[in-house]
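Enquirer: From first to last, the protein sequence lines stand for chains A and B. Residues -13 to 251 in our numbering are what the first sequence lists, from first letter to last. Residues 683 to 951 in our numbering are what the second sequence lists, from first letter to last. C-beta: ideal position from N, C-alpha, C; glycine also. Keep in mind it's a predicted model, so treat the numbers as computed, not measured. My questions will all concern the structure given below.
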Amino acid sequence: MTTALSFRNVWVEYGDQVVLERVNLEIPAGAFISIVGPSGAGKSTFLRLVLGQERPSRGSITIGGKPLPPEPRPDRGVVFQRYSVFPHLTVLRNVLIGLEFEKSPILGRLTGAARREAIARCGTLIDAVGLGDHRDKYPSALSGGMQQRLAIAQALARRPQVLLLDEPFGALDPGTRAQMHALIKPLWREHNMTVIMVTHDIKEAFALGTRLIALNHHRVDPQAPGRYGATITYDFDLNRDTPVPVLGFPKRDANGASQNGGPKP
Amino acid sequence: MNIVPGRGTRVFLALLPFVLIVVIYAIGSAERRAANPDDKILPPFAEMLTSVEHLAFEPDRRTGQYVLWSDTAASLQRLLTGLGIATVIGLCLGLALGVLPLVDATFGTVVAVICMIPPMAMLPILFIVFGLGDLSKIVLIVFGVAPFLVRDVAFATERLPREQLIKAQTLGASTWQIAIRVVLPQIMPRLIEAVRLSLGPSFLFLISAEAIAADTGLGYRIFLVRRYLSMEVILPYVAWITLLAFLMDLALSRLSRSAFAWAHVVERR
């Protein structure tokens, strides 16, 4: 199994404030990584690093073996907790817009046969997230859960290698959240992508992930709270058929990586 | 708080203040006429009607034009040209300021400063530079309204959630594509709203400029007949200007509702 993302000794510092330190991580392609940790432990910073919104002050990040481009690109899709969909576009157009960006650089719009073809492709995605009956509704007419499903369909339209989920189900009620869990896992298998999900919900993290990573401060200096940054404190392999992992010892050898990652048929 | 008027009641209630104003005016006018038959300050409606008839439906003896309509055409042409140019500037520059940090760094401060220049203080300069014709009046309106529109559009752009712009980039959008497909449609309702708010200042600038130097126009006419205390002309003109402004406001509001229906959905959650 190839490596999708790799972090080599990544640090993020703002002046004296160390946010992340010594982050070493290999994410195999096809893994579903859950990231948990208390507030202020650099979860969002980690996600921004992968998105390319932020650059590491030390160390390097590579995606598919190449250095990570320092700006958001279609190889990394994202679903935020809120504001992920465009309020001025209907469900269908929200999904369509990714394809229009791809194929129509000047106008950002498709017409004729190209449009019909794109609509057919988007229709499949919209049906897959269960919004088939709501294609022509605006997001304001959708419930919170439906909006998040739309955001997922929208992100999948460009077939990203890596899908980032930033507390995607955090604002949903438990019932809707369970539906979303049932939805996201088959989609991940089907689209064969790497998912990185940041969440506050530990149960969700264990239920969905093939691997769970906890970010936390390993040491706090009361005199200088910003002196030590957060790093990976736990790295669990959640695939049942592998041995129980030892705390704090990420498996980074090739053998371990292959056991960690990948959807099982 | 919980008593909500129905549709018919709503129309009746909305008309009530207007009826009151008319009645109060009629009483005041009649009282003054009773005290002084030559009173010019509050002419009765009949006199206003004859003056409107005279201005609107009889050609002027000297020029052969229908005064009210030629005034209206001249004023509206100036106003709409000025407002149109200001809107285009506001949209393009505001969008660029809001989307591109480089443009914002270059022009943000200068726009903020220009916004603070009182346009009426610029009027003499405009008259000197652009002459006393239509051009100086149009430039005054552009000058008075465009900086406000630019800033308003730029602020509206900056208020868009950052997540949306990131999301668009992860969908492969270029800066240009984000500007025309994500930002532009979302700020259009706000632009229309800002133009509606600018209608008042636009008329202010137009009437002021026409009052000072013009040979036709609604503001010109009002200030011309002021010398003769011709309230029977001034009052209908003021009402006519108000009606024009109100109709423009209404038209813009309708346009926003029909073209950008998504922006007018009441938040239900």
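Going along the chain, which residues of the stretch 54 to 66 of chain A sit with their C-beta nearer than 8 Å to a C-beta in chain B?
Expert: Hits within the stretch, in order: Glu57, Pro58, Arg59, Pro60, Arg62, Gly63, Val64 and Phe66.
Enquirer: How about A/Ile83 and A/Gln140: are their beta carbons less than 9 Å apart?
Expert: Working through the first sequence from its first residue, we reach residue 83 of chain A at position 97. Working through the first sequence from its first residue, we reach residue 140 of chain A at position 154. Closer than 9 Å, so yes.
Enquirer: Who are B/Trp858's beta bridge partners in DSSP?
Expert: For this step, residue 858 of chain B is matched to residue 176 along the second sequence. The partner list for B/Trp858 (beta bridge, DSSP) is empty, contrary to what the question assumes.
Enquirer: Whole angstroms are fine: how far does the CA of A/Glu103 sit from the CA of A/Leu169?
Expert: Translated into the one-based positions of the first sequence, residue 169 of chain A becomes position 183. Translated into the one-based positions of the first sequence, residue 103 of chain A becomes position 117. Roughly 25 Å between the two C-alpha positions.
Enquirer: Comparing alpha-carbon positions, which option in B/Leu822, B/Ile709, B/Ala855 and B/Glu735 lies nearest B/Leu724?
Expert: Stepping through the second sequence from its first residue, residue 724 of chain B is reached at position 42. The option with the nearest alpha carbon to B/Leu724 is B/Ile709.
Enquirer: When you compare only the Cα positions, how much space is there between B/Trp922 and B/Asp742?
Expert: Here the question's residue 922 of chain B lines up with position 240 in the second sequence. Here the question's residue 742 of chain B lines up with position 60 in the second sequence. The alpha-carbon atoms of B/Trp922 and B/Asp742 are separated by roughly 19 Å.
Enquirer: The ligand MN and B/Pro719: does the residue's C-beta get closer than 8 Å to at least one heavy atom of that ligand?
Expert: The ligand MN is not part of this structure, which contains no ligands at all.
Enquirer: Taking only three categories from DSSP, how would you classify A/Glu40?
Expert: By one-based count along the first sequence, residue 40 of chain A stands at place 54. Coil, per DSSP.
Enquirer: Using only the alpha-carbon positions, how far apart do A/Gly16 and A/Thr110 sit?
Expert: Reading the first sequence from its first residue, position 30 is the one you call residue 16 of chain A. Reading the first sequence from its first residue, position 124 is the one you call residue 110 of chain A. Taking the straight line joining both Cα atoms gives about 22 Å.
Enquirer: Pull up the distance between the alpha-carbon of A/Val(-2) and that of A/Val77, whole angstroms please.
Expert: Taking the first sequence and counting its residues from 1, one reaches residue -2 of chain A at position 12. Taking the first sequence and counting its residues from 1, one reaches residue 77 of chain A at position 91. When rounded, the distance between both Cα atoms is 37 Å.
Enquirer: So which residues on chain A does B/Ser856 lean against when the C-beta distance must stay under 9 Å?
Expert: On the second sequence, position 174 is the one that residue 856 of chain B refers to. The contacting residues are Phe87, Pro91 and Gly94.
Enquirer: Are the C-beta of A/Gly84 and some C-beta of chain B separated by less than 9 Å?
Expert: Residue numbering aside, residue 84 of chain A sits at position 98 when the first sequence is read from its first letter. Yes, because at least one Cβ of chain B sits closer than 9 Å to the Cβ of A/Gly84.
Enquirer: Tell me which residues share the same chain as B/Gln868 and place their Cβ nearer than 7 Å to its Cβ, disregarding the 5 neighbours each side in the sequence.
Expert: In the second sequence, the residue the question calls residue 868 of chain B occupies position 186. So the list reads Leu842, once near-sequence residues are dropped.
Enquirer: Run through DSSP, which three-state label would A/Met179 get?
Expert: Taking the first sequence and counting its residues from 1, the one referred to as residue 179 of chain A is at position 193. Here A/Met179 sits in coil by DSSP.
Enquirer: Taking Cβ positions, are A/Asn178 and A/Leu136 nearer each other than 9 Å?
Expert: Residue mapping note: residue 178 of chain A aligns to position 192 of the first sequence, counting from 1. Residue mapping note: residue 136 of chain A aligns to position 150 of the first sequence, counting from 1. The answer is no: Cβ separation not under 9 Å.
Enquirer: What is the DSSP secondary structure of A/Tyr220, counted as helix, strand or coil?
Expert: Translated into the one-based positions of the first sequence, residue 220 of chain A becomes position 234. A/Tyr220 falls in the strand class under three-state DSSP.
Enquirer: Name the DSSP bridge partner or partners of B/Phe739?
Expert: The residue given as residue 739 of chain B occupies position 57 in the second sequence. DSSP lists no partner for B/Phe739.
Enquirer: Jot down the residue ranges of each uninterrupted alpha helix (DSSP H) in the stretch 686 to 771 of chain B, minimum 4 residues, whole runs only, in chain order.
Expert: Segments of the alpha helix (DSSP H) lying fully in the stretch 686 to 771 of chain B: 689 to 717 and 727 to 739.
Enquirer: Near A/Val4, what residues of its chain come up, given a Cβ to Cβ distance below 8 Å and the 5 sequence neighbours on each side ignored?
Expert: Numbered from its first residue, the first sequence carries residue 4 of chain A at position 18. Trp(-3), Val(-2), Gly212, Arg213, Tyr214 and Gly215.
Enquirer: How far does the alpha helix (DSSP H) with A/Asn80 in it reach, from first residue to last?
Expert: Here residue 80 of chain A refers to the residue found at position 94 of the first sequence. Element bounds for A/Asn80: Val77 to Lys89.
Enquirer: Verify whether the separation of the beta carbon atoms of B/Ala756 and B/Leu900 is less than 9 Å.
Expert: Residue mapping note: residue 756 of chain B aligns to position 74 of the second sequence, counting from 1. Residue mapping note: residue 900 of chain B aligns to position 218 of the second sequence, counting from 1. Yes. Within cutoff.
Enquirer: Assign A/Tyr0 to one of three DSSP states: helix, strand, or coil.
Expert: Here the question's residue 0 of chain A lines up with position 14 in the first sequence. If DSSP states are grouped into helix, strand and coil, A/Tyr0 belongs with the strands.
Enquirer: If you follow the alpha helix (DSSP H) that A/Gly51 is in, where does it begin and where does it stop?
Expert: Residue mapping note: residue 51 of chain A aligns to position 65 of the first sequence, counting from 1. Careful: A/Gly51 lies outside any alpha helix (DSSP H) and carries neither H nor E.
Enquirer: Go to A/Ser20, then tell me how far its alpha helix (DSSP H) extends in each direction, as first and last residue.
Expert: What you label residue 20 of chain A is simply residue 34 of the first sequence in a count that begins at 1. Not the alpha helix (DSSP H): A/Ser20 falls in the beta strand (DSSP E), residues Phe18 to Val22.
Enquirer: In the DSSP assignment, find the beta strand (DSSP E) that holds A/Gly63 and state where it starts and stops.
Expert: Here residue 63 of chain A refers to the residue found at position 77 when the first sequence is read from its first residue. Run containing A/Gly63: Arg62 to Val65, per the beta strand (DSSP E) assignment.
Enquirer: Output the distance between the C-alpha atoms of A/Asn225 and A/Leu150, rounded to the nearest integer angstrom.
Expert: What you label residue 225 of chain A is simply residue 239 of the first sequence in a count that begins at 1. What you label residue 150 of chain A is simply residue 164 of the first sequence in a count that begins at 1. C-alpha separation (whole angstroms): 20 Å.
Enquirer: Figure out for me which residue from A/Leu33, A/Gly130, A/Gly94 and A/Ser43 has the closest Cα to the Cα of A/Asp2.
Expert: The residue you call residue 2 of chain A lines up with position 16 of the first sequence. If we check each option's Cα against that of A/Asp2, A/Ser43 comes out closest.
Enquirer: Identify the continuous alpha helix (DSSP H) that holds B/Ala787 and give its terminal residues.
Expert: Taking the first residue of the second sequence as 1, we reach residue 787 of chain B at position 105. From DSSP, the alpha helix (DSSP H) with B/Ala787 extends over Pro783 to Met798.
Enquirer: Quick one: grab the DSSP three-state call for A/Thr(-11).
Expert: As a first step, residue -11 of chain A is located in the first sequence; it is residue number 3 there, counting from the start. Residue state, collapsed to three classes: strand.
Enquirer: Identify every residue that forms a DSSP beta bridge with A/Ile199.
Expert: As a position in the first sequence, residue 199 of chain A is number 213, starting the count at 1. DSSP output for A/Ile199 lists A/Ile21 and A/Asp221 as bridge partner(s).
Enquirer: Within the 9 Å Cβ cut-off, does B/Arg872 reach chain A?
Expert: Along the second sequence, one-based indexing puts residue 872 of chain B at 190. So no, B/Arg872 is outside the interface.
Enquirer: Per DSSP, A/Glu12 forms a beta bridge with which residues?
Expert: For the purposes of this step, residue 12 of chain A is taken as residue 26 along the first sequence, with counting starting at 1. Per DSSP, A/Ser(-8).
Enquirer: Measure the C-alpha to C-alpha separation of A/Thr48 and A/Lys123 and round it to an integer number of angstroms.
Expert: Sequence index remark: in the first sequence, residue 48 of chain A carries index 62 (1-based). Sequence index remark: in the first sequence, residue 123 of chain A carries index 137 (1-based). Roughly 39 Å between the two C-alpha positions.
Enquirer: Compare the C-beta of B/Tyr748 with all C-beta atoms of chain A and state if any pair is closer than 9 Å.
Expert: Here residue 748 of chain B refers to the residue found at position 66 of the second sequence. False, the Cβ-Cβ gap to chain A never drops below 9 Å.
Enquirer: Is the CB-CB distance between A/Gly51 and A/Gln147 below 9 Å?
Expert: If you number the first sequence from 1, residue 51 of chain A lands on position 65. If you number the first sequence from 1, residue 147 of chain A lands on position 161. No. Outside cutoff.
Enquirer: What residue does the beta strand (DSSP E) around A/Val148 start on, and which one ends it?
Expert: Reading the first sequence from its first residue, position 162 is the one you call residue 148 of chain A. Element bounds for A/Val148: Val148 to Asp152.
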